[in-house]
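J.:
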Amino acid sequence: MNFTRWSARLPGTQRRAAARTEQPVPTDRRSESPVPAARAGHPASAVDGLPAREVLDRVPALVALVHGPEHRLAHVNAAYAAAFGPRAPGSPARDTLPELAELGLLPLLDQVLRSGRSRTLKSRRAVDGHSYTFTCTPVTGHGDRDAGVLVFATDVTDHAEAAERLRASERSQRQTAVTLQRSLLPQDLEEPDDLRVAATYQPGGTEAAVGGDWYDVITLGGGRTALVIGDVMGRGVRAAAVMGQLRTAVRAYARLDLPPHEVLQLLDGLAVEIDANQIATCVYAVHDPNEGRLVYASAGHLPILVRDENGEVLRADEPTGPPLGTGGWVHSSGSVPLGPGATAVLYTDGLVERRDQDLDEGIAALARALSGATGTPQVVCDRLVRSAGVTADHDDDVAVLVLQHPHRTGPAADLFRNAALDLLGGVEAAPRARAFASGVLTSWRFPTELHDLGVLATSELVANSLQHGTPPMRLRLRRTDRRLIIEVTDGDDHLPRRRRAEPADESGRGIDIVATIASGWGSRRTPGGGKAVWCEFLLPKR
233 MNFTRWSARL PGTQRRAAAR TEQPVPTDRR SESPVPAARA GHPASAVDGL
283 PAREVLDRVP ALVALVHGPE HRLAHVNAAY AAAFGPRAPG SPARDTLPEL
333 AELGLLPLLD QVLRSGRSRT LKSRRAVDGH SYTFTCTPVT GHGDRDAGVL
383 VFATDVTDHA EAAERLRASE RSQRQTAVTL QRSLLPQDLE EPDDLRVAAT
433 YQPGGTEAAV GGDWYDVITL GGGRTALVIG DVMGRGVRAA AVMGQLRTAV
483 RAYARLDLPP HEVLQLLDGL AVEIDANQIA TCVYAVHDPN EGRLVYASAG
533 HLPILVRDEN GEVLRADEPT GPPLGTGGWV HSSGSVPLGP GATAVLYTDG
583 LVERRDQDLD EGIAALARAL SGATGTPQVV CDRLVRSAGV TADHDDDVAV
633 LVLQHPHRTG PAADLFRNAA LDLLGGVEAA PRARAFASGV LTSWRFPTEL
683 HDLGVLATSE LVANSLQHGT PPMRLRLRRT DRRLIIEVTD GDDHLPRRRR
733 AEPADESGRG IDIVATIASG WGSRRTPGGG KAVWCEFLLP KR
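Here this note's numbering is used: the first residue of the sequence shown is 233, the next is one more, and so on.
1. For Phe668, which residues of its own chain have a beta-carbon under 6 Å away from its beta-carbon, when the five flanking residues on both sides are left out?
2. Is it the case that the stretch 416-427 contacts the stretch 482-501, given that we only count it when at least three CB pairs across the two stretches are under 8 Å?
3. Going by C-alpha to C-alpha distance, which of Leu427, Leu727, Ala764 sits closest to Thr575?
4. Give every residue of the same chain whose Cβ lies closer than 6 Å to the Cβ of Asp260, excluding the five residues on either side of it in the sequence, and list them in chain order.
5. Take the Cβ of Val464 as the centre, count every other Cβ of all protein chains shown within 10 Å, and call the residue buried at 16 or more, exposed below.
6. What did DSSP end up calling His637 once you bin it into helix, strand or coil?
7. Kindly confirm or deny that the stretch 527-534 and the stretch 505-517 touch, where touching means at least three C-beta pairs closer than 8 Å.
8. Does the beta-carbon distance from Leu616 to Leu602 come in below 8 Å?
9. Thinking Val429 and Val460 are a contact (beta carbons under 8 Å), I'd like their distance in whole angstroms, please.
10. How big is the Cα-Cα spacing for Arg715 and Pro424?
11. Assuming Ala517 and Pro555 are in contact, meaning their beta carbons sit under 8 Å apart, how far apart are those beta carbons, in whole angstroms?
12. At which residues does the beta strand (DSSP E) containing Thr721 begin and terminate?
13. Classify Ala624: buried if its beta carbon has 16 or more other beta carbons within 10 angstroms, exposed otherwise.
14. Looking at C-alpha atoms only, which residue of Asp744, Leu647, Gly761 is the closest neighbour of Trp753?
15. Taking C-beta to C-beta, are Leu770 and Asp713 nearer than 8 Å?
16. With distances taken Cα to Cα, identify the nearest neighbour of Phe384 among Leu341, Leu412, Arg346.
17. Three-state secondary structure (DSSP) at Thr758?
18. Going by beta-carbon coordinates alone, are Val720 and Leu709 separated by less than 8 Å?
19. Let me know the secondary structure DSSP gives Ile511 once reduced to three states.
20. Does the CB of Leu633 have a neighbour CB from chain C at under 8 Å?
21. Identify the residues that DSSP records as bridge partners of Gly752: which are they?
22. Candidates His700, Pro551, Leu297, Val474: which alpha carbon is nearest Asp378's?
23. Whose C-alpha, out of Asn650, Thr352, Ala689, His626, is nearest the C-alpha of Gly455?
24. Measure the Cβ-Cβ separation of Leu345 and Pro370 and say whether it is below 8 Å.
25. Determine the extent of the alpha helix (DSSP H) in which Phe668 is found, giving its start and end residues.
26. Count the other CB atoms, across all protein chains shown, that sit within 10 Å of the CB of His639; report buried if there are 16 or more and exposed otherwise.
27. Opposite Pro324 in the DSSP bridges: which residues?
28. Drop a sphere of 10 angstroms on the beta-carbon of Leu698, count the other beta-carbons inside from all chains shown, and report buried for 16 or more, exposed for fewer.
29. Are the beta-carbon atoms of Leu673 and Gly686 separated by less than 8 Å?
30. Counting pairs of beta carbons, one from the stretch 549-567 and one from the stretch 589-608, are three or more of them closer than 8 Å?
31. Helix, strand or coil, according to DSSP, for Gln343 in the structure here?
32. Name the DSSP bridge partner or partners of Leu526?
33. Tell me whether Ala272 sits in a helix, a strand or coil according to DSSP, three-state version.
34. Beta-carbon within less than 8 Å of Tyr210's beta-carbon, same chain only, minus the 5 sequence neighbours each way: which residues are those?
35. Arg618 bridges to which residues according to DSSP?
36. If we ignore side chains and look at the alpha-carbon of each, how far apart do Thr352 and Gly594 end up?
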């Protein structure tokens, strides 16, 4: 192959050669200058005379020149030979340049030869252990057999290693955030007596930093259950740490057995103290099996979806306040029916928010998926995640909490019973309450010891209500498959507390007795005024 002819057609050389042929040759010798041409304003003319082989051999980058449809080797420079060894010209690239074949450059050479345009392959690790960026440039010739490609490889090993160290650092930081996030989420969900619950959390894909999504299930006692889901704005370890503080605070506030809007009110003030620049959304809901409703409050969070036993989906939009951390807002509570056979879904925006669609469209799609999703809570949870198209490389965190109020029939229904008695004032109220409790517990076939403890607890709670409460008063007995619950409500909102009675005191021992004999006890204010005082006994395992 005539290398000199090829050098005349390297990119740029043609343009310079044409410029020289168009420039008129001076005829007046007085215009000649003793200064060399390169210094007379034409620096390119000094380069034009250099042979291409000498130029390519002096280039520190790796250079290979191939020609023809089979990419037969014409020349490799000294740097290329030092990296991969000397090469004999004339053979096809697939035989004489195996390192390029392993990197997948041969199809790229075909593209460059056909299109006549340069192509670049960035940062590929070669067999010599170095990383190179390859630029393939077409070289013109006298026909297809002479046309070729100039392969120019720049060593970018240092850049590639620095980029890999950066990626490894980012992976390590993300893994730290994911580990922190998962450790702050409940490892095992509490299992309420009357609800079946399941939850899932999926962090964003490997390119997305973990966020601050969380969920929780909290048994409040007296058969009631609190359900929480929230989302801290932002990503990384900071968002996960704020999430952990908020989740811990929610569990502490839940023990006060406050209405949902009061819990969010306390949480809002705490969020400002934690970080005034960090906001979060949250839904706090309480399920009472006696009421058959889900009472909730929302701080800027997405609406709860509830599917009734007929498959119709209700969207609980109101009331909704601003996110936590904004301050100065009075939250309010709402409610939605959640009777036997109903399913409710609490979720974060990663499940329904997409860049190419409106948020309401995502919620509507989730509602349609929920209307047809049946099975256990975990099955419903998995189906909703799949229907939303959430995969391992999803760009946002996803948290989903599914709860079902089962519709029990047959033997299972016998384990869940309710009995209630309205208490009228007077000296006969306490004996009537004891007789009612004794008859109910006998019909439920409780052991003698549990029967007697239940009657004693009923007597003390009723006596306390008659002495310190106001009408209307009501006694409710409830049994589940795990416990006996005794609850007395009245119209006074003063909550009792356990105290140590002095030997000379004639009263004040009722709550202390109940707290001693029962597995747990508590009190709370009821909506519309009044209070409820309850205690519970664990049933012996069968």
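We treat Cβ as the ideally placed atom computed from N, Cα and C, and that holds for glycine.
Here the structure is a predicted model, which is why all the values come from computation and not from measurement.
T.: Short version:
1. Excluding five sequence positions before and after Phe668, the CB atoms of its chain that fall closer than 6 Å to its own CB belong to Leu653, given in chain order.
2. Contact between the stretch 482-501 and the stretch 416-427 is absent, because fewer than three Cβ pairs lie under 8 Å.
3. For Thr575, the nearest C-alpha among the options comes from Leu427.
4. Low local confidence applies: a pLDDT of 48 at Asp260 is under 50, so the model's placement there is unreliable, and no value is given.
5. Flag for Val464 reads buried.
6. Strand.
7. As far as the Cβ criterion goes, the stretch 527-534 touches the stretch 505-517, which means the pair count is three or higher.
8. It is a contact, given that the beta carbons lie within the stated cut-off.
9. So it is not a contact: roughly 12 Å between Cβ atoms.
10. So the alpha carbons of these two residues sit roughly 11 Å apart.
11. Separation of the CB atoms of Ala517 and Pro555 is rounded to 17 Å, and the pair is thereby denied contact status at 8 Å.
12. Residues 715-722.
13. By the neighbour-count criterion, in which a residue is buried when 16 or more other Cβ atoms sit within 10 angstroms of its Cβ, Ala624 is exposed.
14. Checked all of Asp744, Leu647, Gly761; the closest Cα to Trp753 is Asp744.
15. Cβ distance not < 8 Å, so Leu770 and Asp713 don't count as in contact.
16. That would be Leu341, whose Cα lies nearest to the Cα of Phe384.
17. Reduced to three states, the DSSP call for Thr758 is coil.
18. No, Cβ-Cβ distance for Val720 and Leu709 is not below 8 Å.
19. Look at Ile511 here: in three-state DSSP terms it is coil, with no helix or strand label.
20. Considering every chain present, this structure includes no chain C. It has just one protein chain.
21. Bridge partners of Gly752: Glu768.
22. Nearest C-alpha to Asp378 among His700, Pro551, Leu297, Val474: Leu297.
23. Of Asn650, Thr352, Ala689, His626, the residue nearest in Cα terms is Asn650.
24. Cβ distance < 8 Å, so Leu345 and Pro370 count as in contact.
25. Start and end: 661-675.
26. By the neighbour-count rule (16 or more Cβ atoms within 10 Å), His639 is not buried but exposed.
27. Paired residue(s): Arg304.
28. Leu698 counts as buried, since at least 16 other C-beta atoms from the protein chains shown sit within 10 angstroms of its C-beta.
29. Yes, they are a contact pair.
30. Here the stretch 549-567 makes no contact with the stretch 589-608; the two share fewer than three CB pairs at distances below 8 Å.
31. Helix at Gln343.
32. Among the bridge pairs identified by DSSP, Leu526 is matched with His519, Val568.
33. Confidence at Ala272 is low in this model, with a pLDDT of 44, below 50, so the placement of that residue should be treated as unreliable; the coordinate-derived value is given next. Correct three-state label for Ala272: coil.
34. With the chain covering 233 to 774 only, the question about residue 210 has no answer from this structure.
35. None; Arg618 has no bridge partner.
36. Approximately 40 Å, taken between the alpha carbons.
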